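The numbering of the sequence shown is our numbering, which starts it at 13 and goes up by one. Note that CB positions come from ideal geometry on N, CA and C, so glycine has one too. Just so you know, these numbers come straight off a predicted model, no measurement behind them. All remarks here apply to the structure that follows.
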Amino acid sequence: MDRVEFEDRLKEYEDRFKAMEPEMELTIRDPELGVEGWVVVWSTLNCKDSPLGRVGKGGTRIHSGMSLDELRMLARTQTLKNAAAGIGTGGAKSGMKDDPQSPDFETRYRRFVQLVSPALRENGGPWGGLGYDIGAHPDHCLWACDELDSTTCFTGKTVEMGGTDYDVEGIAGLGVAVAAKTLLEETGRSPSSATIAVQGVGAMGAAVCRYAAEQGMTIRFIADPRIGGCWRLETEFEGALRDTIIKMDMEGARKALEEGPHICMELDDVLEQAVDILFPCAVHDVITSDNVDRVTASAVVEGANNPCSSDARRELHARGVTVIPDIIANPGGAIAAYIELTSEVTNEENAATRAKVAEAKQYTEEKVAENVRAMLELADSAGVDPARAALMLAYRRVFGEE
């Protein structure tokens, strides 16, 4: 496929995707309790042959300004993410308009769970269940599973409840590190020869640090406002520094940094470092047309959701900087949810052996590496940037035309 044919085909897919309507929208309300929420299943065309059947999956977002329009947008995006990952679930999102810190929230959340339960796959619906997202808390999983007397209604559960504990295990961050490792190997580099910078050391960034170091990469810079800025590491990523970062103990990490020989810099300096790979793992749009000229890394692997704007991605590509987009690099959470829904390991066996954790990690490594290679091959053959190649792969899978 040459570039002209690629662009024509991509435009055709984009138009088809924009014209899609959700397969299911459920609005629930309890005026007496003040409960309002929604479930949106956008598309399940990509999973006709899935062991789950045609089911959409995504997290459950909770905030006081939540709206159906926001949820539709999120479900559309999740459709592309799940398709790009190559897993057997379509895209969906659920949401609740509420403040999760407000009094009596548990009562309202339990009512929300009751009202949306008919849409669950286990009850014959097209929805794969609740999950973690903005506004979520581990207590929500306990409340939902208790309310419905089911541990299959919520993904991201603890190992003892039959889950993969994917936030604690950092499975999404594992995928991002694997994406970088695959890129290095595909370009003839060994991970042990690569230097990296990690922007943001929350759940994603901490896991990237953990797994990238295990793969042999050298962490030169880490940055987060909670650790006092950007730090240039003057020793190996080990000991108290490693332990506190992995545990997301920001106070402990800052103490370890300040007591070591490390050098503190301005927070945004992390974006300017001449490392082999920059991992933006904080928030969206940190690299835009306004600051992309400051990026000197050889490659960017996106850990956060859309940390690079489309213009920035194009400019980086024009300069020879490879960008692995988030829909290819960070599907680990979605993959872990899929494993929770499909694994035949019993809850008892999982609690004893952590088998689902191992299964989710292995599947994440396999899928991410496979998708990075496919994206790079398509980008090279069509003469386009990797982000556009990733979109093409996602659209093909959305419409079952891979």
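Counting along the chain, the unbroken alpha helix (DSSP H) around Thr-194 starts and ends at 183 to 198.
Residue state for Val-210 is assigned as strand, using DSSP reduced to three classes. In this structure, Ala-394 sits near Phe-18, with a CB-CB distance shorter than 8 Å. According to DSSP, residue pairing for Gly-332 in a beta bridge does not occur.
Classified as buried, Pro-398 has 16 or more neighbouring CB atoms from the shown chains inside 10 Å of its CB. For the pair Met-260 and Ala-218, the CB atoms are nearer than the 8 Å cut-off. The beta carbon of Ser-76 sits closer than 6 Å to those of Asp-111, all from its chain and outside the five residues before and after it, given in chain order.
Contact between the segment 168 to 175 and the segment 192 to 201 is absent, with fewer than three C-beta pairs closer than 8 Å. Burial is judged here by how many other beta carbons sit within 10 angstroms of a residue's own beta carbon; Asp-179 has at least 16 and is buried. Secondary structure in the segment 343 to 376: the alpha helix (DSSP H) runs of 4 residues or longer, each lying completely within the stretch, are 344 to 354 and 359 to 365 in chain order. Spatial neighbours of Arg-366 in its own chain (CB-CB distance under 8 Å, excluding positions within 5 residues in sequence) are listed in chain order as Val-171. Taking Arg-133 as the centre and dropping the five residues before and after it, the same chain places the C-beta of Val-67 and Gly-140 closer than 6 Å to its C-beta, in chain order. Judged by DSSP in its simplified three-state form, Ile-257 adopts helix.
Annotated three-state conformation of Glu-263 is helix, per DSSP. Membership of Glu-48 in the beta strand (DSSP E) is indicated by the continuous run 47 to 55. With three or more CB-CB distances shorter than 8 Å, the segment 272 to 281 counts as touching the segment 233 to 251. The three-state reading of DSSP puts Val-410 in helix, counting H, G and I together.
Annotated three-state conformation of Gly-71 is coil, per DSSP. Taking the Cβ atoms as the reference, Lys-373 lies roughly 14 Å from Val-357, outside the contact range of under 8 Å.
For Ala-224, the enclosing alpha helix (DSSP H) has its first and last residue at 215 to 226.
In the structure shown, Thr-247 adopts coil according to DSSP, grouped into three states.
Here DSSP, grouped into helix, strand and coil, assigns Val-307 to coil. The alpha-carbon separation between Gly-241 and Ala-131 amounts to approximately 45 Å.
Lys-105 is bridged by DSSP to Val-52.
In the three-state DSSP reduction, Pro-292 falls in the strand class (E or B).
Shown here, Asp-111 sits in coil according to DSSP, grouped into three states, outside any helix or strand.
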